[in-house]
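Chemist: Numbering (the working numbering), first residue to last: 341 to 650.
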Ligand SMILES: Cc1ncc(C[n+]2csc(CCOP(=O)(O)OP(=O)(O)O)c2C)c(N)n1
Ligand SMILES: [Mg+2]
């Protein structure tokens, strides 16, 4: 049974849909951000640089954590896959956090247009999480430190809870896998609670991950060996995610199984970076991009005049 009502579940889904849309808009668009007219080659950025594959999963995790922990100031979220910056940026914009450090990132149409156009743009936002991003404590280009940072942040702060999203590729780094041993050293009344979430999307860049290739039993045994209780979240429905977040396990380790690039153009579903590489020159790709962007029905979520509808 979920502890959240139908209206809240719907809100989580809408938030994920808006953030997914904003990711695609950041990656591709330099104009026509709300798709108010037919998409043309002029609307597409000249240089496409960014990572699509990890972003939907980040949006799912972020929306579910936000629903569970709200504005609790003792709760933090650490994002391992910093290459999924467009997802982080969409969420920070939506939370009003970005506007606190960047006056142009207002929660209205000019703000939406600004964050989309400025992503991977000269003098704009970089393609990865960076020290300019509110709340970011290390640069998002190098994988491996997320879990160690989470334990470090909670050291001596028993009041804190920190959720940390770790890519399955990231967990192949020596730093990340060895950081699981920190549970033995740092679990106790003097330190805060850590909630590790493995983003098991099966791939890292173009190759399968070792953990994606392991059987469920093997992965469970590995995680249990480090002293955690594995809890699988396999469905995309927020009910299941919310239910799992309310577990009473002392040392849960969530395994969020998710298709890499879910929601993107079918032929390129697994894409790590840009699924449609040349929509500016290729009219078929342009049509596919328009279809993809329209699949999120942004008009139900955001209005040019009224702003946010959710
Ligand atoms: C230490 C380190 N090695 C290699 C890279 C290059 N790199 C960037 S993203 C990526 C794949 C990450 O895969 P995963 O953690 O599974 O994230 P996903 O995109 O699948 O969510 C790699 C290897 C890096 N950023 N840092
Ligand atoms: Mg992966």
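Think of the CB as a built atom: it goes at the ideal place given N, C-alpha and C, for glycine as much as any other residue.
These numbers come from a predicted model, not from an experiment.
What does a CB cutoff of less than 8 Å around residue 374 pick up in its chain, not counting 5 residues either side in sequence?
Modeler: Counting only Cβ-Cβ distances below 8 Å, and skipping sequence neighbours, we find 449, 452, 638, 639, 642 and 644.
Chemist: Could you tell me if the beta carbon of residue 536 falls within a distance shorter than 7 Å of some heavy atom in ligand 1?
Modeler: The answer is no for residue 536.
Chemist: Taking 7 Å as the cut-off, does the CB of residue 543 come closer than this to any heavy atom belonging to ligand 2?
Modeler: The answer is yes for residue 543.
Chemist: Per the contact definition of three or more C-beta pairs closer than 8 Å, is the region 391-406 in contact with the region 596-611?
Modeler: Flag = yes, the region 596-611 and the region 391-406 touch.
Chemist: Kindly indicate which three-state DSSP category residue 461 falls into: helix, strand or coil?
Modeler: Of the three classes helix, strand and coil, the one that applies to residue 461 here is coil, per DSSP.
Chemist: Got a sec: does ligand 3 put a non-hydrogen atom nearer than 7 Å to the Cβ of residue 627?
Modeler: Absence of ligand 3 is noted for the structure shown, with ligand 1 and ligand 2 being the only ligands found.
Chemist: Looking at residue 404: is its Cβ nearer than 8 Å to the Cβ of residue 581?
Modeler: Contact flag set, yes.
Chemist: Let me confirm a value: residue 350 is counted as buried when at least 16 other C-beta atoms fall within 10 Å, else exposed. Which label applies?
Modeler: When all chains shown are included, residue 350 counts as exposed.
Chemist: Is the distance from the Cβ of residue 551 to the Cβ of residue 511 below 8 Å?
Modeler: Result yes, Cβ atoms of residue 551 and residue 511 sit closer than 8 Å.
Chemist: Return yes when at least one heavy atom of ligand 1 lies under 7 Å from the C-beta of residue 448, else no.
Modeler: Checking the Cβ of residue 448 against ligand 1 gives no.
Chemist: Does the distance from the CB of residue 535 to the CB of residue 513 come in under 8 Å?
Modeler: No, the pair does not count as a contact, with Cβ atoms beyond the cut-off.
Chemist: If we call anything under 8 Å between Cβ atoms a contact, is residue 362 one with residue 372?
Modeler: Their beta carbons are not under 8 Å apart, which means residue 362 does not touch residue 372 by this criterion.
Chemist: Entirely within the region 504-531 and at least 4 residues each: give me those alpha helix (DSSP H) ranges in chain order.
Modeler: Fully enclosed alpha helix (DSSP H) runs of 4 or longer: 514-519 and 522-526.
Chemist: Excluding the 5 residues flanking residue 632 on each side, which residues of the same chain have their C-beta closer than 7 Å to its C-beta?
Modeler: Same-chain partners within the cutoff: 364, 604 and 605.
Chemist: Using 8 Å as the threshold, is the region 482-492 in touch with the region 415-427, meaning 3 or more CB pairs across them?
Modeler: Yes, since at least three Cβ pairs between the region 482-492 and the region 415-427 fall closer than 8 Å, the two stretches touch.
Chemist: Going by Cα to Cα distance, which pick from 560, 383, 483 and 528 is closest to residue 596?
Modeler: Closest by alpha carbon: 560.
Chemist: Considering only residues of the same chain and omitting the five flanking positions on each side of residue 341, which have a CB-CB separation below 6 Å?
Modeler: Low local confidence applies: a pLDDT of 45 at residue 341 is under 50, so the model's placement there is unreliable, with the coordinate-based value given in what follows. Cβ neighbours of residue 341 beyond the five flanking positions: none.
Chemist: Where do the ends of the alpha helix (DSSP H) carrying residue 396 lie?
Modeler: That run of the alpha helix (DSSP H) goes 395-409.
Chemist: Could you compute how far the alpha carbon of residue 479 sits from the alpha carbon of residue 627?
Modeler: C-alpha separation (whole angstroms): 35 Å.
Chemist: For ligand 1, any of its heavy atoms closer than 7 Å to the Cβ of residue 507?
Modeler: Flag set: Cβ of residue 507 near ligand 1.
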